[in-house]
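*Asks:*
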Amino acid sequence: MGNLSEAEKRKILRERRQKKFANGGASSRLNKITGQSDSHLNTESPLDNPKNEPVLPSAAQKIEDDDFGQHITDDSMPAPETENVPQVELLKQLASMQNEGFESTPDLFSLLSSMQKNGIPNDATNGSATNIPVEPLVDPVMLNYHNFLVNRLKAWTIVLKWICLVPFLYLVTRQNDVESVLSTGALDKLTDPTNFFMIFTSFEIVATSIYYQRLQTIEKNNKVNTLDNNSKIVKMISMVPEGILPIGNIKGKVVTLLQYWDVLSMFISDICLVLIAIGIFQRL
Amino acid sequence: MSDITMEKWVLGTTLMFIIITKFLQYTASYHESWISKFTLGSTTAYKDYMSKLHEQKLVQEENHSISAQDNYAKWTKNNRKLDKLAADIKQLKSQIHEQSAKSQQLLKTVKLIGLTLPFFALKMWKGKEIVYYLPTNKMFPHLFNGTWHQGWLFVAMYPLDFALSQINNLYDVSFIASKVPLYRGTAVGVSLGIWIWALTNVLGSIEFVINQLFLTPTVSEPVATEKKAN
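These protein sequence lines are chains A and B, in that order.
According to the UniProt record's numbering, the stretch in the first sequence is residues 1 to 284, in order.
According to the UniProt record's numbering, the stretch in the second sequence is residues 1 to 230, in order.
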């Protein structure tokens, strides 16, 4: 041994080790390390069976399309020992995991880069994988314009409703004065205080329906949901993760409640006008 | 035709409170400058601050007009003076801020004592008094009539009244039912509490309409990016 060079020494040792592994030495060594009889760990070493299939055959097949995978699974490769080297197996396994990862969950870096580019992960696969309902961002300029249109619609609705209500209230309040001037049957029924609440409620239902129709048209044209983007309550509720509260779809329920409140508040403001106008017309 | 039944001073005071509240609401953005003008204008700290600012400006101008190399002694002296003035100004500024915060707190306290609490007390005291009567009691349903006449308490008491009337059909509990102070009259009036609520609401609506239709500048439709690209 003393006359042998370093390279020859290493070659002899490698051959001796490979012979030992070929005779089942690797498995016995693994057994010694993992040790216990009730252990579920696989103690069969891939080094014992040099001609065996890779540990994860399905994974190895999946990465055939990949350049790296093709390279390491190619049978025509001149170095057969690369198939059995554990590092190569590990690389194969990692490559297959990465390949699978593209189909299911996004890796952290792609998610972060996507968020950096667009503010939110807007990729369809990312969205389905994370399963987080993400509201599309609304351009602030468009939101400003939308709010302007909605407020103007509301203001015009109030004005038009009051233009209709004020003469009607005058007729109802000053019924006796009006009767002496105009005595028509249809007007009598309209100005009869007994019918007042029925006519008022019907008018409110029609006016509110027209208002909502117009509001939905504006929302559709601008592609902006008014409550989702303006209501602080909805924004706060959106921050509560699903499952924390025992109520399902809490945001949808809150939005519905706010819509009802919007309708009710318009009705309330009109009924306030009724009370004040009656008082004023009685004094005239 | 019914006339106003309420004592005139009550109505006048209520209107005055509403006008003052609205006035304070509309002028909220000017309150700070008004307070500083009335309270800080005469204080020594403010006067000192203004004189020090003037002095700082003069010294700075003088320092800019001379050369630091040719008039080194004067320039250094002025520089030290500027440092001292800057420290004094900073101290005076913090004093003025403190005084301003105190004045703001004082205004809030005055508003609470002079406006909010008396208005609340008036509503509690005279809230159920009738301001005027409606032409007939057939204009609104019973629930509304009772609310206009007696205030929001009627809405809270209504379920109790309903339950007692149902029990009364089986057992005689009229002695309890009679204790429930609910509206059962024929004439329907608008109580002061309800009238204040209605008037505030109507004023708010008028304010919103004027603000949106006359004071808000028109926002033009933004040009879409796709349109721009084309």
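Beta carbons are placed, not taken as given, at the ideal position from N, Cα and C, and that holds for glycine.
Rounded to whole angstroms, how far is the Cβ of T136 (chain B) from the Cβ of P140 (chain A), which I believe are closer than 8 Å?
*Replies:* Within the second sequence, the letter at position 136 stands for residue 136 (chain B). Within the first sequence, the letter at position 140 stands for residue 140 (chain A). Actually they do not touch by this definition, with Cβ atoms about 52 Å apart.
*Asks:* Between which residues of its own chain and I237 (chain A) is the CB-CB distance below 8 Å, once the five residues before and five after are set aside?
*Replies:* Within the first sequence, numbered from 1, the residue matching residue 237 (chain A) stands at position 237. These residues qualify, in order along the chain: I250, K251, V254.
*Asks:* Taking any Cβ of chain A, which residues in the stretch 138-168 of chain B have a Cβ under 8 Å from it, in chain order?
*Replies:* Those residues of the stretch 138-168 of chain B that come within reach of chain A (Cβ to Cβ, closer than 8 Å) are K138, M139, F140, P141, F144, W148.
*Asks:* Cβ of G189 (chain B) within 7 Å of Cβ of H149 (chain B)?
*Replies:* On the second sequence, position 189 is the one that residue 189 (chain B) refers to. On the second sequence, position 149 is the one that residue 149 (chain B) refers to. In contact: G189 (chain B) and H149 (chain B) (Cβ atoms closer than 7 Å).
*Asks:* Between the C-alpha atoms of A121 (chain B) and R214 (chain A), what's the straight-line distance to the nearest angstrom?
*Replies:* In the second sequence, counting from the first residue as 1, residue 121 (chain B) sits at position 121. In the first sequence, counting from the first residue as 1, residue 214 (chain A) sits at position 214. A121 (chain B) and R214 (chain A): Cα-Cα distance of roughly 44 Å.
*Asks:* Does the beta-carbon of C164 (chain A) have 16 or more other beta-carbons within 10 angstroms, so that it is buried, or is it exposed?
*Replies:* Here residue 164 (chain A) refers to the residue found at position 164 of the first sequence. Counting Cβ neighbours within 10 Å, C164 (chain A) comes out exposed, since fewer than 16 surround it.
*Asks:* How about Y211 (chain A) and T157 (chain A): do their beta carbons lie closer than 7 Å?
*Replies:* Here residue 211 (chain A) corresponds to residue number 211 of the first sequence, with the count starting at 1. Here residue 157 (chain A) corresponds to residue number 157 of the first sequence, with the count starting at 1. Yes, these two residues count as a Cβ contact at 7 Å.
*Asks:* So which residues on chain B does V224 (chain A) lean against when the C-beta distance must stay under 8 Å?
*Replies:* Taking the first sequence and counting its residues from 1, the one referred to as residue 224 (chain A) is at position 224. Here the premise fails: no neighbours, minimum Cβ distance about 11 Å.
*Asks:* Got a sec? Which residues, its chain only, sit under 6 Å from F162 (chain B) by beta carbon, not counting five neighbours each side?
*Replies:* Numbered from its first residue, the second sequence carries residue 162 (chain B) at position 162. Around F162 (chain B): no qualifying Cβ.
*Asks:* Ends of the alpha helix (DSSP H) at V190 (chain B)?
*Replies:* The residue given as residue 190 (chain B) occupies position 190 in the second sequence. Careful: V190 (chain B) lies outside any alpha helix (DSSP H), inside the beta strand (DSSP E) at 189-191.
*Asks:* From what residue to what residue does the beta strand (DSSP E) around L131 (chain B) run?
*Replies:* By one-based count along the second sequence, residue 131 (chain B) stands at place 131. The question names Leu, but residue 131 (chain B) in the sequence shown is Val. That run of the beta strand (DSSP E) goes 130-133.
*Asks:* Does D139 (chain A) come out as helix, strand or coil in the three-state DSSP assignment?
*Replies:* Along the first sequence, read from residue 1 onward, the residue named residue 139 (chain A) stands at position 139. Coil, per DSSP.
*Asks:* So that I know if they touch, is there some Cβ in chain B lying closer than 7 Å to that of M266 (chain A)?
*Replies:* If you number the first sequence from 1, residue 266 (chain A) lands on position 266. Output row for M266 (chain A): interface = no.
*Asks:* Could you say if the stretch 194-210 of chain B and the stretch 13-27 of chain B meet the contact criterion of at least three C-beta pairs nearer than 8 Å?
*Replies:* In short, these stretches touch, since the Cβ pair count reaches three.
*Asks:* Helix, strand or coil for V223 (chain B), going by three-state DSSP, please let me know.
*Replies:* Numbered from 1 along the second sequence, position 223 holds the residue referred to as residue 223 (chain B). Looking at V223 (chain B) - three-state DSSP - the assignment turns out to be coil, as it is neither helix nor strand.
*Asks:* Within a Cβ cutoff of 6 Å, which residues of the same chain sit near V263 (chain A), ignoring the five residues on either side of it in sequence?
*Replies:* Locating residue 263 (chain A) in the first sequence gives position 263, counting from the first residue. Within the same chain, V263 (chain A) has close Cβ partners T208.
*Asks:* Which two residues bound the contiguous alpha helix (DSSP H) that contains E7 (chain B)?
*Replies:* Counting from one through the second sequence, the residue named residue 7 (chain B) turns up at place 7. Here E7 (chain B) belongs to no alpha helix (DSSP H), and DSSP marks it neither H nor E.
*Asks:* Specify, as a first and last residue, the run of the alpha helix (DSSP H) that L245 (chain A) falls within.
*Replies:* In the first sequence, counting from the first residue as 1, residue 245 (chain A) sits at position 245. Segment: none, L245 (chain A) is in no alpha helix (DSSP H) and carries neither H nor E.
*Asks:* Below 7 Å between beta carbons is the criterion; list the residues of the stretch 202-213 of chain B that meet it against any residue of chain A, in chain order.
*Replies:* Hits within the stretch, in order: V202, S205, F208, V209, Q212, L213.
*Asks:* Along the stretch 198-229 of chain A, where does the CB come closer than 8 Å to a CB of chain B? Name the residues.
*Replies:* Listed by position, the residues of the stretch 198-229 of chain A near chain B (Cβ gap below 8 Å) amount to none.
*Asks:* Could you tell me whether the Cβ of S269 (chain A) comes closer than 7 Å to any Cβ of chain B?
*Replies:* For the purposes of this step, residue 269 (chain A) is taken as residue 269 along the first sequence, with counting starting at 1. Chain B contact via Cβ: present.
*Asks:* Taking the C-alpha atoms as reference points, what is the distance between F154 (chain B) and Q212 (chain B)?
*Replies:* Residue mapping note: residue 154 (chain B) aligns to position 154 of the second sequence, counting from 1. Residue mapping note: residue 212 (chain B) aligns to position 212 of the second sequence, counting from 1. Roughly 36 Å between the two C-alpha positions.
*Asks:* Name the chain A residues that come within less than 8 Å of V10 (chain B), Cβ to Cβ?
*Replies:* As a first step, residue 10 (chain B) is located in the second sequence; it is residue number 10 there, counting from the start. Going along chain A, no residue has its Cβ under 8 Å from V10 (chain B), so there is no contact; the nearest lies around 15 Å.
*Asks:* Contact check, L143 (chain A) vs V224 (chain A) under 8 Å by CB: the rounded distance?
*Replies:* For this step, residue 143 (chain A) is matched to residue 143 along the first sequence. For this step, residue 224 (chain A) is matched to residue 224 along the first sequence. With 8 Å as the limit, L143 (chain A) and V224 (chain A) qualify as a contact, their Cβ atoms being about 6 Å apart.
*Asks:* Do you know how far the Cα of V138 (chain A) is from the Cα of F148 (chain A)?
*Replies:* Within the first sequence, numbered from 1, the residue matching residue 148 (chain A) stands at position 148. Within the first sequence, numbered from 1, the residue matching residue 138 (chain A) stands at position 138. About 15 Å.
*Asks:* Quick test of the definition: if touching needs 3 or more C-beta pairs under 8 Å, does the stretch 54-69 of chain B touch the stretch 32-42 of chain B?
*Replies:* No, they do not touch.
*Asks:* I think A198 (chain B) touches I276 (chain A), with their Cβ atoms under 8 Å apart; what is that distance to the nearest whole Å?
*Replies:* Here residue 198 (chain B) is taken as the residue at index 198 of the second sequence, counted from 1. Here residue 276 (chain A) is taken as the residue at index 276 of the first sequence, counted from 1. Correct: roughly 5 Å between the Cβ atoms.
*Asks:* With a threshold of 6 Å (Cβ to nearest heavy atom), would M236 (chain A) be considered close to the ligand HEM?
*Replies:* The ligand content of the structure shown is nil, which means the ligand HEM is not present either.
*Asks:* Using the C-alpha atoms, what's the distance from I196 (chain B) back to L171 (chain A)?
*Replies:* Locating residue 171 (chain A) in the first sequence gives position 171, counting from the first residue. Locating residue 196 (chain B) in the second sequence gives position 196, counting from the first residue. Spanning the two alpha carbons is a distance of roughly 24 Å.
*Asks:* Taking just the CA atoms, how far does Q99 (chain B) sit from N151 (chain A)?
*Replies:* For the purposes of this step, residue 151 (chain A) is taken as the residue at position 151 of the first sequence. For the purposes of this step, residue 99 (chain B) is taken as the residue at position 99 of the second sequence. Each residue's alpha carbon lies about 40 Å from the other.
*Asks:* Could you tell me whether the Cβ atoms of N169 (chain B) and S269 (chain A) are closer together than 7 Å?
*Replies:* The residue you call residue 169 (chain B) lines up with position 169 of the second sequence. The residue you call residue 269 (chain A) lines up with position 269 of the first sequence. No; because the gap between Cβ atoms is not below 7 Å, this pair is not in contact.
*Asks:* Taking only three categories from DSSP, how would you classify G151 (chain B)?
*Replies:* If you number the second sequence from 1, residue 151 (chain B) lands on position 151. It is coil, neither helix nor strand.
*Asks:* Could you tell me the distance, in whole angstroms, from the CA atom of A68 (chain B) to the CA atom of Y30 (chain B)?
*Replies:* Looking up residue 68 (chain B) in the second sequence gives position 68. Looking up residue 30 (chain B) in the second sequence gives position 30. Their backbone Cα atoms lie some 45 Å apart in a straight line.
*Asks:* Does any residue of chain A have a CB that is nearer than 7 Å to the CB of L53 (chain B)?
*Replies:* Start at 1 with the first residue of the second sequence, and residue 53 (chain B) comes out as number 53. No, its Cβ sits nowhere closer than 7 Å to a Cβ of chain A.
*Asks:* Roughly how many angstroms separate the alpha carbons of K232 (chain A) and S220 (chain B), rounded to a whole number?
*Replies:* Translated into the one-based positions of the first sequence, residue 232 (chain A) becomes position 232. Translated into the one-based positions of the second sequence, residue 220 (chain B) becomes position 220. Answer to the nearest angstrom: the Cα atoms are 25 Å apart.
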